[in-house]
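**Student:** Residue numbers 1 to 529, in the UniProt record's numbering, belong to the letters of the sequence shown in order. From the three backbone atoms N, C-alpha and C, an ideal C-beta is built for every residue, glycine too. Sharing a structure here in structure tokens format.
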Amino acid sequence: MNAIKLAILLLLGGAGYSCSEFLEEEPRSSASLNQFFTEPAHAENAVNALYRDGAPALWMNGGVYNGRNIMYGPYLSGFFENNYKGQYAYIGFAQQLQLNAINSNSILNDYWSQMYREISRANNAIKYIPTTPGLNDAQVDRLLGEARFFRAWAYFMLVRHFGDVPLITEPYESTNDIYRARSSSAEVYALIVQDLEFAVNSAGLANTNMVSNGYRVSRPAAAALLADVQLTRSGFPLQNDNYAAAADAARLVINSGAHSLAQNARDASGELIPENSAYNKIRRQEVIATEFVYPIEFAIGIAGSGYPAYTYPVTLTSQTNYGITNQAYEPRDQFLAMYDEDEDLRIQNKQLWHNTYTDEDGNTTTFRFQPYLWHDDQALFGTTNPANSELEVAAYTYAEVLLIAAEAIARSEGVTAEAVDYLTQVRSRAYYRQSADEISGALSELSVQEFVEEVWAERNRELALNFKIWYDMIRTRKYPEATDGTINFVDLIGHKSSWGPVFEEKHLLLPLPDQELQRNAELNQNVGY
């Protein structure tokens, strides 16, 4: 049983003690933390639990009606719709840019409390793993690397969403100093980078993909997160020039040999075989080991994947095995306009997206585009484990790493052949009628800013189902205006959302949840809320 599945069982069934051990040992509620970390299994269990909370939980938590918590940013962007948003008012408030600490407290509290719960658990592990009896030095380093990875990821989510946040690095072991004031974003990022550099350089993490590593954090996964962090803090609001560091971290992933882009299958005459395109290989989970740098794992009977329920409109529920399907992540026309309908494979039916269903009698129903990458044939229409899926999604993909590298290299070194190659790899897979030489030749002629904007455009198209669009909008402060596959990036502040409201400076950060402000008098609300 791999670590992630074990973590789920631990969360559902306790700390994993046998009945006799439970009766013999002091209850956890009255035992100090150093009494808990008394054997290697305790340290392993403490780290295993981190895989199902904090940042990863954003991809897991949610439901058919409200989507996954990680979809909140795309709702804010104005580019995605949820057919059942009337059931969850915070979605509509996000789309209309009317969110505040009270009307959106539930989702804001999820973002806040999940991250700090993860940080608290990670702090416990980081403090007590080094003194846990029975662990050798290599085991200590690996477990510390994993714990610091998850602490960094949780803080990264917090600082991107809320800006300055309390910086807590020690376990809570008394009631003293429980309520902390906010630390600067720069201080938070400094800890994030410190944690991730340890994970990448000093923890001895396996230099392979996570699937081959039993779904444990690998060195390439840690480097991918570090690359994203360095790219993000190079943009707004800090505008630190860490592009070279972002490029170096991305190169660690690329040069590891652990990952690669799936390629489109072609017939003997060179024509694309649509059902065996790269995107369909990903959908069928044939290439996730190499394509997904950080996969979000699901398991039938423990924690199944709910994503297939988002692939059909509610009107077609009766045609599937599911009790309800919902357009929880439906791209609006303004988003679909980012794709060239004639050239881009991703917008062709049954690639990244789909818009038709054909029943057993050959009758075809057309609907608005829904995600096809999450289409699990067996769960939706099969007889084995109906309406149950293990379909995995990705927090980070190899395509994203290539795009981070392309942007970071262009920013720090110019439009080099290396930067052009990384962008070309992603674009040529989608623009399947064009040769890589044609694409790279055109990209090589661009200025740095023109090239960077081509990377941004490709991020919007390629990473749509990885929920990156809002993060890109706030780090670049640019709004993507699209027509027939051409994207122009204009200033975000003062621009209208596709729903009509105008983006203001305050919308770049979320409001702190109301209940947290009520609880902690040391906190102050973000400006404008």
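1. Below 8 Å, can you find three or more Cβ-Cβ pairs linking the segment 221-236 to the segment 168-176?
2. Got a sec? Which residues, its chain only, sit under 7 Å from Gly414 by beta carbon, not counting five neighbours each side?
3. Along the beta strand (DSSP E) that carries His354, what are the first and last residues, could you check?
4. When DSSP labels each residue in this structure, what does Arg429 get in the three-state scheme?
5. Quick one: measure Cβ to Cβ for Ile493 and Arg477, integer angstroms, because I've assumed they're closer than 8 Å.
6. Check each candidate in Glu146, Ala258 and Arg433 and name the one with the smallest Cα separation from Ile273.
7. Note down the Cα distance separating Val287 from Arg427, rounded to an integer number of angstroms.
8. Can you find the residues in the same chain that come closer than 6 Å, C-beta to C-beta, to Val64, ignoring five residues on each side of it along the sequence?
9. Skipping 5 residues on each side, what residues in its chain have a beta carbon closer than 8 Å to that of Leu403?
10. Reducing DSSP to helix, strand and coil, say where Pro386 ends up.
11. Please list, in chain order, all residues of the same chain as Glu24 whose beta carbon is under 7 Å from its beta carbon, the five residues on each side excluded.
12. When burial is assigned at 16 or more other CB atoms within 10 Å of the CB, is Thr383 buried or exposed?
13. Are the CB atoms of Phe489 and Met71 within a distance shorter than 8 Å?
14. Let me know if Thr366 comes out buried or exposed under the rule of 16 or more other beta-carbons within 10 Å of its beta-carbon.
15. To which residues does DSSP link Tyr396 through a beta bridge?
16. Between Pro386 and Gln378, what straight-line distance do the alpha-carbon atoms span, to the nearest angstrom?
17. Compare the Cα-Cα distances from Ser318 to each of Arg121, Tyr471, Tyr189 and Asp359 and report the closest residue.
18. Put Asn488 into one of helix, strand or coil per three-state DSSP.
19. Is the CB-CB distance between Ser412 and Ala247 below 8 Å?
20. Could you tell me the distance, in whole angstroms, from the CA atom of Tyr116 to the CA atom of Asn83?
21. Please determine if the segment 334-350 and the segment 266-284 are in contact, where contact requires at least 3 C-beta pairs separated by less than 8 Å.
22. Taking C-beta to C-beta, are Leu509 and Gly163 nearer than 8 Å?
23. Leaving aside the five residues before and after Asp195 along the sequence, list all residues of the same chain whose C-beta is less than 6 Å from its C-beta, in chain order.
24. Looking at Ala408 and Leu231, is the spacing between their C-beta atoms short of 8 Å?
25. Ordered along the chain, which non-local residues of its own chain (more than five positions away) have a Cβ less than 7 Å from that of Gly62?
26. Enumerate in chain order the residues of its own chain whose CB-to-CB distance from Ala482 is below 6 Å, with the five nearest sequence positions on each side excluded.
27. Suppose the cutoff is 7 Å on Cβ atoms and the five residues either side in sequence are ignored; what does the same chain contact list for Phe22 look like?
28. How is the beta strand (DSSP E) around Tyr479 delimited, first residue to last?
29. When the Cα atoms are used, what is the spatial distance from Asn157 to Asp267?
30. Rounded to whole angstroms, what is the Cα-Cα separation between Asn202 and Glu400?
31. Would you kindly check if the distance between the Cβ of Asn349 and the Cβ of Asn355 is under 8 Å?
32. Since Arg368 is in the beta strand (DSSP E), which residue starts that stretch and which ends it?
33. Which of the three DSSP states, helix, strand or coil, is assigned to Val415?
34. Report the residue ranges of all beta strand (DSSP E) runs contained in full by the segment 305-342; include only those spanning at least 3 residues, in chain order.
35. Helix, strand or coil: how does DSSP classify Arg68 here?
36. Return helix, strand or coil for Ser218, following the three-state DSSP convention.
**Tutor:** Here's the rundown:
1. no
2. Val448
3. Trp353 to Thr358
4. helix
5. 7 Å
6. Nearest C-alpha to Ile273: Arg433.
7. 18 Å
8. Ala309, Ile324 and Asn326
9. The answer, listed in chain order, is Tyr422, Leu423, Val426, Val455, Glu458, Arg459, Glu462 and Leu463.
10. coil
11. Confidence is the limiting factor: at Glu24 the pLDDT is only 35, short of 50, which leaves the residue's position unreliable, though a coordinate-based value still follows. The answer is none, since no qualifying residue turns up.
12. exposed
13. no
14. exposed
15. Tyr294
16. 7 Å
17. Asp359
18. strand
19. yes
20. Roughly 31 Å between the two C-alpha positions.
21. Yes, the segment 334-350 is in contact with the segment 266-284.
22. Yes, the Cβ-Cβ distance between Leu509 and Gly163 is below 8 Å.
23. These residues qualify, in order along the chain: Arg148, Arg151 and Ala152.
24. yes
25. Arg68 and Asn69
26. Ala337 and Met338
27. Any reading at Phe22 must be qualified, since the residue scores a pLDDT of 25, below 50, and its modelled position is unreliable; the value itself is stated next. Nothing meets the Cβ criterion.
28. Lys478 to Thr483
29. The sequence as given places Met at residue 157; Asn does not occur at that position. Inter-residue distance for Met157 and Asp267 is about 44 Å (C-alpha atoms, whole angstroms).
30. The sequence given here has Ser at residue 202, not Asn. Approximately 24 Å, taken between the alpha carbons.
31. It is a contact, given that the beta carbons lie within the stated cut-off.
32. Thr364 to Pro371 is the extent of the beta strand (DSSP E) around Arg368.
33. Coil.
34. none
35. Here Arg68 sits in strand by DSSP.
36. coil
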